[in-house]
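Under the working numbering, the first residue of the sequence shown carries the number 4, and numbering increases by one thereafter.
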Amino acid sequence: MESPVNVAEEMTASSQRRCFDSAPCIWCGAATFDPSLEHILPEALGCPPGFVLSNDVCAKCNNGFGHLDRALLRQFELITFLGNVPRKRGKAPSLDSWSSILGRYTEAGPELHINGGPGPAEAFGKRLKPAQATKDLENLSFKATDGFATVKFSQRFGDDPKFVRALYKVAFGVAVYWLGPAVASTPEMAAVKKFVRKGRGEFSAVLIAGSRRHDHHFEPPYREEDTAYLAVGMRIFGIDFVTDFDPGQRLTAKMETLLTAQRHQNWTILPPCR
Ligand SMILES: [Zn+2]
Numbered sequence: 004m005e006s007p008v009n010v011a012e013e014m015t016a017s018s019q020r021r022c023f024d025s026a027p028c029i030w031c032g033a034a035t036f037d038p039s040l041e042h043i044l045p046e047a048l049g050c051p052p053g054f055v056l057s058n059d060v061c062a063k064c065n066n067g068f069g070h071l072d073r074a075l076l077r078q079f080e081l082i083t084f085l086g087n088v089p090r091k092r093g094k095a096p097s098l099d100s101w102s103s104i105l106g107r108y109t110e111a112g113p114e115l116h117i118n119g120g121p122g123p124a125e126a127f128g129k130r131l132k133p134a135q136a137t138k139d140l141e142n143l144s145f146k147a148t149d150g151f152a153t154v155k156f157s158q159r160f161g162d163d164p165k166f167v168r169a170l171y172k173v174a175f176g177v178a179v180y181w182l183g184p185a186v187a188s189t190p191e192m193a194a195v196k197k198f199v200r201k202g203r204g205e206f207s208a209v210l211i212a213g214s215r216r217h218d219h220h221f222e223p224p225y226r227e228e229d230t231a232y233l234a235v236g237m238r239i240f241g242i243d244f245v246t247d248f249d250p251g252q253r254l255t256a257k258m259e260t261l262l263t264a265q266r267h268q269n270w271t272i273l274p275p276c277r
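Following this line, the structure appears as C-alpha cells:
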C-alpha cells in the first residue's frame, strides 16, 4: 500500500496533479457535455476545499446521483449536526433525514429533539415518530439526576443498501481525482461503475471504526500485485472504509480473513448480512 495522503494538505500540489486532458463523462461516457462541478465528498459532509472534479461529470449524471448523496448524508447527518459541519454555502447544519429525531441550529444554539416514545411528538412543526417504532436509533435511554440529564443512544449504521453504492461513488471520484479521467473508461472500472449507476453487482465495503477524531482522509487508489483492480481506502468522519473495485471482491475477502485472524475490534463488512 502507498502511504496515505491527507487531501487537505495536498491541495497546493493537487492543482498541478489535476492537469489531465478533457475526456468523456466518467459515468455515462458522453463525449460532449456541459461539465458540472462535482464535489467528491458532498459539500454537506464537509468536502475538503478543491477536492472536486470540475470537467469530468456531465450535469445529467451529477443530478442523477442526488439519491446516493442523500443516503450518504443520512448516515452521517447526526455526526455533522453534533459537529456543527456547515451545509452548502455555509448554512448551519440541520438534522432532517430521520423520523424520530430532528435538529436545528437556532439563535440560542443547537436544538435536538428525540422522541423517546411511546406516543407521537412534534418539534419545529414536524411530527416525530417514537424512536422504538423506527430503525433510526437503538438503546435509547434517558436518566435525570441532580439537575443533570443524560441521553444515550446508538445509531444503526450502514444497513441502507444505497449507502454502500454511495461510498463506491465517492471512491470512484477519488480514483479519477488521483489518476485522471481516462481511468474511468478502462475495462476494470466497468463493473464498479455499473454498481454505482444501476445498483447491479455485489460490492461490499470494509468498515473499521475506532478513530476518535472526526476527520476526512482520502488515500490515492492502490492495486495489489496479483490483480488489475483498484482499491480505495478513505476515512469519513473518523470511520475507515476500504472499497474493492474487483467484482470478485478478493481484497475484501482477504481483509475479512486478516481482521478475523488479528481479532481486530470494531470492524464489519457492509452491507450487513440479514
Ligand atoms: Zn454523464
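C-beta atoms are modelled at their ideal positions from N, C-alpha and C, and glycine is treated no differently.
Alpha carbon of residue i to alpha carbon of residue j, nearest angstrom
i, j, result
"L40", "L170", "19 Å"
"R130", "P123", "7 Å"
"W181", "L44", "14 Å"
"D37", "V186", "20 Å"
"A3", "E228", "In the structure displayed, the chain extends from 4 to 277; residue 3 sits before or after that span and is not available."
"R253", "R107", "43 Å"
"G120", "C50", "36 Å"
"V60", "D149", "56 Å"
"S18", "P184", "At S18 the pLDDT is 40, less than 50, meaning the model places this residue with poor confidence; the figure from the coordinates comes in the next sentence. If I take the Cα positions, the gap works out to 15 Å."
"K146", "G67", "44 Å"
"H217", "K165", "22 Å"
"A152", "S144", "10 Å"
"V8", "P133", "Here V8 scores only 40 on pLDDT, less than 50, and its place in the model should not be relied on; the value that follows carries that caveat. Whole-angstrom Cα-Cα distance: 43 Å."
"T271", "E141", "18 Å"
"R200", "L98", "27 Å"
"K63", "N118", "39 Å"
Neighbour-count burial assignment, residue i, 16 or more Cβ in a 10 Å radius
i, result
"E110", "exposed"
"S57", "exposed"
"V282", "Examination of residue 282 is not possible in this model, given that the chain is present from 4 through 277 alone."
"S103", "buried"
Run of the beta strand (DSSP E) containing residue i, from where it starts to where it stops
i, result
"N142", "L140 to T148"
"A212", "First-last for A212: undefined, no H or E at that position."
"H267", "Element bounds for H267: n/a, residue is neither H nor E."
"D59", "Run containing D59: none; DSSP gives neither H nor E here."
"Q158", "F151 to Q158"
Bounding residues of the alpha helix (DSSP H) (the contiguous stretch that carries residue i)
i, result
"W181", "P164 to L182"
"E259", "R253 to A264"
"I2", "The requested residue 2 is not part of the displayed model; the chain covers only 4 to 277."
"A194", "A193 to K201"
Anticipated Cβ contact below 8 Å, residue i with residue j, distance rounded
i, j, result
"P274", "V167", "5 Å"
"K197", "F175", "Contact doesn't hold; Cβ gap of about 11 Å is too wide."
"L48", "L76", "6 Å"
Cutoff 8 Å: residue i Cβ touching any chain B Cβ
i, result
"E222", "Of the chains in the structure shown, none is chain B; there is only one protein chain."
Between the stretch 259–276 and the stretch 198–213, do at least 3 Cβ pairs fall closer than 8 Å? Per the Cβ contact rule, the stretch 259–276 is in contact with the stretch 198–213 (3 or more Cβ pairs under 8 Å).
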